[in-house]
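A.B. asks: I have a structure here, written as structure tokens, and I will follow up with some questions on it.
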Amino acid sequence: MTLFRFEEVTKTYGPVTALNNLTLQVPEGAVGLLGPNGSGKTTMIRALLGLIPVDKGSGEILGMDFQRRQLDIRRMVGFAPEDETLFPSVVGVEFVAYAGELVGMSSKDALQRAHETLDYVGLGEARYRKVDSYSTGMKQRLKLASSIVHDPKLLILDEPTNGMDPAGRDDVLELARDLSHNKGMSLLFSSHLLPDVEAVCDYVVVMGAGRVLTQGSIKELKQEHRGRFEVRVKSPDQSHFGRRLAAMGCQTEVREDSLLVEIPPGRSSSLVWELAAAEREQIRYLRPQRSTLEEVFLKAVEQP
Amino acid sequence: MKPIVAFHEVSKWYGNVIGINKLTLDIPAGVTGLLGPNGAGKSTLLQLATGQLYPSQGTVTVLGRRVWNNPGLNHDIGLCPEQDAFYEWMTGWDFVHTSARLGGLGRREAKEAAKRTLDAVGMTKHQNRVVRGYSKGMRQRTKMAQALVHDPQVLFLDEPLTGTDPVARRDLMDIIQRLAGEGRSVLVSSHVLHEVQSLTPNIVLLNHGRLVAEGHVRQIRDLIDKHPHHIVLVSDAYRAIASRVVAWEDVEAVRIMTKEQGVVVETRAPDAFYGRLPELAMSPETPIREVYSDDDNLEAVFKYLVNK
Amino acid sequence: MPIFDQGYQHWNGTLSGHGWRWLAIARRGVQNGMRMRGMRIFLFSAWMPALALSAFLCFWGLLERQSAMIKPFLQVLSFMTPAVLKEPKLYRVEIWTVAYDIFLWIELWYSMVIILLIGPNIISQDLRFNALPLYFSRPLRRIDYFLGKLGVIVGFIALVMVFPAIVAWVLGLLFSLDLTIVRDTFPLIVRGVIYGMIVTVSAGLLVLALSSLSRNSRYVALFWLGIWFLSSVLSTVLEKVEFEQRQHAAFQRSARALRDPEFSQRPIAEQFAERRRMQLEAQRQREALLREQARAAERDWRPVVSYAGNLTRIGGYMTGSYRSWETFARLMPENRRDDFLRTFAGARFPWYWSGGVLLGLCGLSICILNFRVKSLDRLR
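Protein chains in written order, with numbering that gives the first Met the number 0: chain Y, 0 to 303; chain V, 0 to 307; chain X, 0 to 379.
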């Protein structure tokens, strides 16, 4: 099932081309949106919200043509923007109810639903206090609650963990993961923090200069390097063990805290254990080497 | 080893509110991460170390000299603050050049230093544009440039990587590593644990204005008695491994992860446990494909110590 | 199912069309406004003139019925011409018109104050806290947003001007127990309500535009005070300057006679007679000056400078109060008529000048709003 689809979409603002013949099809689920500053992410998000007309091209979001059914699209999409957008001296639950009323809910529905979503994001008694007294984590959760109050099919999160301390970040990521995996809401997660994206999303789109540089499921993009392992032994000097491995025919690379080992074809990683037993060494870390999402990103962005 | 930054029984309060509570801390040379939840006192600590605040109690020294009211010390200190406050009408070049001149460099020196620094942070292409038009990443780079331009011995960085895209982040982290390699000392305060983790294993952890832990992450982990170590073994024969391992005396709990084909073992004697692994791995019924520690990292340490 | 899912629930309700969105925005704005400290006290005081109006109309109704209840209060009305008091029914329309004219003028000032209290924050707060994405990422258009914000002003001015006028009318009706009043005064109340709408739209659009100009609501409040007070002051100053000029010219003319150097040579009796004649002449000239002034006022552009003055002029036109004042003036002795009209009847320049100025301001406001509150279709 396609979440949204763009075909040859171009959008320019004067001399600046924000979207350059963008062609993209994205499946439902939790999708990460990555890209350096100025890559067109913000413009694409605004197009997804049905906010901007485009110069050329066509597209559909949740099956609706984004040039014709802009208001309908915004009924089905929830958006938690990056900046703070909270009035002061508004009580938390009123703010969320107002957000619901702005979508078209009746005031009774909006209030009932506001309490439900506030329960879900974990703002208990704090909802009756004014938002000035909230910590950053609470404000982000309030923003999240106000963006899901109308039960959207697609939730767009723009840098949701900006400026949060580790505890708050975990909370928000947990909520995002739950919504997208267990509650049937598709998620578009735009962030610069790659581990966050990895923790929540299954599919990722990397943009640059107004087009798609690479896209795919995270698992496939982070290929496993067959036969290559990262190894760490107990003794602080990794190079000794590394030399012994090299003597056994492995290609080793000594890093500051670990070893990158390539097992010769025909042998398996039991080789490492044998050597450890022989040397009376403890293996503290042994895992196949995988490229991280950061490497995938940098490779995609820095391609000529 | 002489500490770079030394706090001796330092307290700082604002009216009734305590910012730092009887902190005694020696920060060694190299890159050190400063961590803590919101309100822990990280900003207060940085402001005390750079001489912006006067301690209510105790003394603060940097490079062996008193910080307060010592402008000469600023030759050797560089600060990259968290706030995004520039003179928006200046160009990047103006800003860094003016910082260099304010730092005491002569006219020609300042020009060269500014050019060099802007090149180091990758802003040469944009140096003639006004700061108002900069993206967040460019601003962070410029901030870093003004902290480096007078070639300081000690750098204090407060959330240097917020809002930067991965390309800028990689560049800035490379710069920090290079500075450490040149013998300078860097204190990085950040909320983003995995960034600190990739920079350095040496951390200082604050909570409620007090020092909770300092040193190498893994050593700290070893010292946390309350939480047994989690060690993960991945294997096709995970259940066989589980049955073997549960018989060992120092193993406190064994949890099966069916999806990952692994076993999570909790033990308070990790050394003894690791010592027995090679033998276990070489036995034909219980080969071990992967071994790693689930909570040997900064996030786990943070969570355990700060008691979410 | 004994245990219920405490987690996230889906919601299947209906959403209203975007045409109703302004109501949600307006309602929220009014709630916020009512929460301000002192707002309720202020609204209460704004109803005082309404109470006074109602009391007066009721009183007049009783007077028409020659009710015994009001005999002791007749003293209060002794300032009025006895002719009016003898035949109240005849002058009913005029009295009601004049009463409403004064009432609307007072309530206009209350409206200006209310707009000063709630107006500046209306859009400027959204700009300051960057709340526009909150609105525009939801299914509503810019026009709905503006209508909603205007609705806040409509709400408050209706509370201050329109409802009290209607309530006073109904009470006056009840106390005179005469259905012919409906026929006589119905056009008046309709026009009064329309006038309230005009004030709302004009002042509302103006304050919305001002509010969108700055993030700092204090500057907006200052702008509003500027438009309201400063323009009045400027207009008065201009009028006074013009009057002084005319007076000075007239004085110059009469003084020429006195500068005759041979005057003091003449015999005393002749000097006395001459002085007497000149005093009478001066008196006549003063009156001529005032008449000239009154005539000039009919084409004078200076009052148009004052914003509140424009609104008052439109109010005068809507209620048709000049004619009523003229009727009363005719009952007065000849020599006091002009004075009376000048004091009570207000400005006389053509109403369509004011109308033009107000329309122009509305157009300007719409342009400013269009420019300042952009949709999110832009680069940054």
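Every residue, glycine too, gets a C-beta built ideally from N, C-alpha and C.
Note that the structure is predicted; figures quoted are calculated from it, not measured.
Cα-Cα, which of Y/Asn20, Y/Leu2, Y/Gly13 is closest to Y/Gly207?
C.D. replies: Nearest C-alpha to Y/Gly207: Y/Asn20.
A.B. asks: Quick one: what's V/Asn206 bridged to in DSSP?
C.D. replies: V/Arg209
A.B. asks: Taking only beta-carbon positions, decide if Y/Gly62 is within less than 9 Å of chain X.
C.D. replies: Under the Cβ distance rule, Y/Gly62 does not count among the residues neighbouring chain X, no pair being separated by less than 9 Å.
A.B. asks: With distances taken Cα to Cα, identify the nearest neighbour of Y/Met0 among Y/Gly103, Y/Ala277, Y/Gly62.
C.D. replies: Y/Gly62
A.B. asks: Going straight from the alpha carbon of X/Leu221 to that of X/Leu209, what length do you get?
C.D. replies: The C-alpha of X/Leu209 is placed about 10 Å away from the C-alpha of X/Leu221.
A.B. asks: Indicate the three-state DSSP secondary structure (helix, strand or coil) for X/Ala344 in the structure shown.
C.D. replies: coil
A.B. asks: For X/Asp183 and X/Gly18, what's the separation of their Cα atoms in angstroms?
C.D. replies: 38 Å
A.B. asks: Tell me which same chain residues have a C-beta within less than 8 Å of the C-beta of V/Glu251, skipping the five on either side of it?
C.D. replies: Cβ within range, chain order: Pro227, Glu265, Thr266, Arg267.
A.B. asks: With DSSP run on the structure shown, which of helix, strand or coil describes V/Ile223?
C.D. replies: V/Ile223: coil per DSSP, three-state reduction.
A.B. asks: State the start and end residues of the unbroken alpha helix (DSSP H) segment that holds Y/Leu122.
C.D. replies: Boundaries cannot be given for Y/Leu122, as no alpha helix (DSSP H) includes it and DSSP labels it neither H nor E.
A.B. asks: Can you name the residues of chain V whose CB is closer than 8 Å to the CB of Y/His191?
C.D. replies: Gly162, Thr163, Asp164, Pro165, Arg168
A.B. asks: Using only alpha-carbon positions, find the residue among V/Gly57, V/Leu186, V/Pro277, V/Val185 that is nearest to V/Val9.
C.D. replies: V/Gly57
A.B. asks: Of all Cβ atoms in chain Y, is any one closer than 9 Å to the Cβ of V/Tyr273?
C.D. replies: yes
A.B. asks: Taking just the CA atoms, how far does V/Val216 sit from V/Glu308?
C.D. replies: The displayed coordinates of chain V run from 0 to 307. Any statement about residue 308 of chain V would go beyond what the structure contains.
A.B. asks: Using only CA atoms, which one of X/Leu52, X/Ile2, X/Ile313, X/Gly37 lies nearest to X/Tyr194?
C.D. replies: X/Ile313
A.B. asks: With C-beta atoms as the reference, is V/Asp294 less than 9 Å away from V/Val300?
C.D. replies: yes
A.B. asks: Would X/Phe135 count as contacting chain Y if we go by Cβ distances under 9 Å?
C.D. replies: yes
A.B. asks: Residues in its own chain within less than 8 Å of X/Tyr321 by CB, not counting five upstream and five downstream?
C.D. replies: Gly315, Ala344, Gly345, Arg347
A.B. asks: Which value, in whole angstroms, describes the spacing of the CA atoms of Y/Leu186 and V/Ile219?
C.D. replies: 37 Å
A.B. asks: How would you label X/Met47, buried or exposed, when you count the other beta carbons within 10 angstroms and need 16 or more for buried?
C.D. replies: exposed
A.B. asks: Give the straight-line distance between the Cα atoms of X/Thr311 and X/Phe102, rounded to the nearest whole angstrom.
C.D. replies: 11 Å
A.B. asks: What in chain V is Cβ-close to Y/Asp370, meaning under 7 Å?
C.D. replies: Not covered by the structure: residue 370 of chain Y. The range shown for chain Y is 0 to 303.
A.B. asks: How is the alpha helix (DSSP H) around Y/Thr135 delimited, first residue to last?
C.D. replies: 135-147
A.B. asks: Does Y/Val92 come within less than 9 Å of chain X when only Cβ atoms are used?
C.D. replies: no
A.B. asks: Rank Y/Ile262, Y/Ile147, Y/Ala275, Y/Met43 by C-alpha distance to the C-alpha of Y/Lys233 and give the top, closest one.
C.D. replies: Ranking Y/Ile262, Y/Ile147, Y/Ala275, Y/Met43 by Cα distance to Y/Lys233 puts Y/Ala275 first.
A.B. asks: Taking all protein chains shown into account, do 16 or more other C-beta atoms lie within 10 angstroms of the C-beta of X/Pro138, making it buried, or fewer, making it exposed?
C.D. replies: Buried.
A.B. asks: Return the chain-ordered list of same chain residues with a C-beta closer than 7 Å to the C-beta of V/Lys41, the five sequence neighbours on each side being excluded.
C.D. replies: Same-chain partners within the cutoff: Leu33, Gly35, Ser188, Leu205.
A.B. asks: Cα separation between V/Ala144 and V/Leu160?
C.D. replies: Between V/Ala144 and V/Leu160, the C-alpha separation is close to 14 Å.
A.B. asks: Any Cβ of chain Y within less than 9 Å of the Cβ of V/Gly208?
C.D. replies: no
A.B. asks: Just how far apart, CA to CA, sit V/Met137 and X/Ile156?
C.D. replies: 50 Å
A.B. asks: What residues in its chain sit with their C-beta under 8 Å from that of V/Thr90, if we drop five residues either side in the sequence?
C.D. replies: Gln126, Asn127, Arg128, Val129, Val130
A.B. asks: Along the chain, where does the alpha helix (DSSP H) that runs through Y/Glu219 open and close?
C.D. replies: 217-220
A.B. asks: Run the CB neighbour count on Y/Phe94, radius 10 Å, all protein chains shown included, and call it buried at 16 or more, exposed below.
C.D. replies: buried
A.B. asks: According to DSSP, is V/Gly91 part of a helix, a strand, or is it coil?
C.D. replies: Here V/Gly91 sits in helix by DSSP.
A.B. asks: Could you give the DSSP three-state label for V/Gly295: helix, strand or coil?
C.D. replies: According to the sequence provided, residue 295 of chain V is Asp. The question's Gly does not apply to it. Coil at V/Asp295, not helix or strand.
A.B. asks: Does DSSP put X/Ile2 in a helix, in a strand, or in coil?
C.D. replies: coil
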